[in-house]
Amino acid sequence: MEDSFSAGFLALARHEFRRLKSLADKGIAQVDPTNFFARSDGESNSIAILVKHMSGNLRSRWTDFLTTDGEKPDRNRDTEFEVENSERAEHLMSEWEDCWNVLFNTLEELTPSDLTRTITIRGEEFLVYQAITRQISHYAYHVGQIVMLAKRWRSGEWQTLSIARGKSEEFRANPEKYL
181 MEDSFSAGFL
191 ALARHEFRRL
201 KSLADKGIAQ
211 VDPTNFFARS
221 DGESNSIAIL
231 VKHMSGNLRS
241 RWTDFLTTDG
251 EKPDRNRDTE
261 FEVENSERAE
271 HLMSEWEDCW
281 NVLFNTLEEL
291 TPSDLTRTIT
301 IRGEEFLVYQ
311 AITRQISHYA
321 YHVGQIVMLA
331 KRWRSGEWQT
341 LSIARGKSEE
351 FRANPEKYL
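In this text, residue positions in the sequence shown follow our numbering: the first is 181, and each later residue adds one.
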């Protein structure tokens, strides 16, 4: 018999990862190509850098998720925080899509019984459910940064990704409009 809590956890994790990607995509879609690479100062990340870093993390963590360390030997994390002049938004976004698909495909293959298996990330052991929640938290952090930067660059032209100020009553009356 399938454990309903574990099956529910996997369904929720799949939903949350898709929701996070959707928020990031909707924020990125509002930014013009110049601002995709813009940094507020020399120590800040651009949306492009965040996309590159998250892509590297997604590919490393979710490729051969159950059988190899989540920090792959060919990953060079430091270079994820550098964007070369030759890199284009289209290439970074193509990689972004590919890497999210690695995650989604891996999650679809997981079964409830996998949640209590042990995996490693940087040599540290985690139960699968711990690793999943760790990654949800990590991606939520960076998606929030992407949305904040997109909102900053769009300023008054920003289209909210949530319930707009002063629209709570409208939401309560018609929540499906916001789903």
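Positions of the beta carbon are idealized from the N, C-alpha and C atoms, including for glycine.
DSSP places Ile229 within a helical segment (H, G or I) once states are collapsed to three.
By the neighbour-count criterion, in which a residue is buried when 16 or more other Cβ atoms sit within 10 angstroms of its Cβ, Arg199 is exposed. Looking only at Arg332, Thr340 and Gln310, the smallest Cα-Cα distance to Leu190 is reached by Gln310. The shortest CA-to-CA distance from Gly250 to any of Val327, Gly346, Thr286 and Gly336 is the one to Thr286.
In the DSSP assignment, no residue is bridged to Thr313. Ile343 is bridged by DSSP to nothing; it lacks a bridge partner. The three-state reading of DSSP puts Leu307 in strand, counting E and B together. Residue state for Thr214 is assigned as helix, using DSSP reduced to three classes. DSSP lists Glu305 as the beta-bridge partner residues of Thr300. The closest CA to that of Arg334, considering only Leu203, Gly188, Ile208 and Asp183, is found on Ile208.
Note that the C-beta distance between Ser235 and Trp276 is below 8 Å. Segment contact: the region 298-315 against the region 255-270, fewer than three CB-CB distances shorter than 8 Å; contact not assigned.
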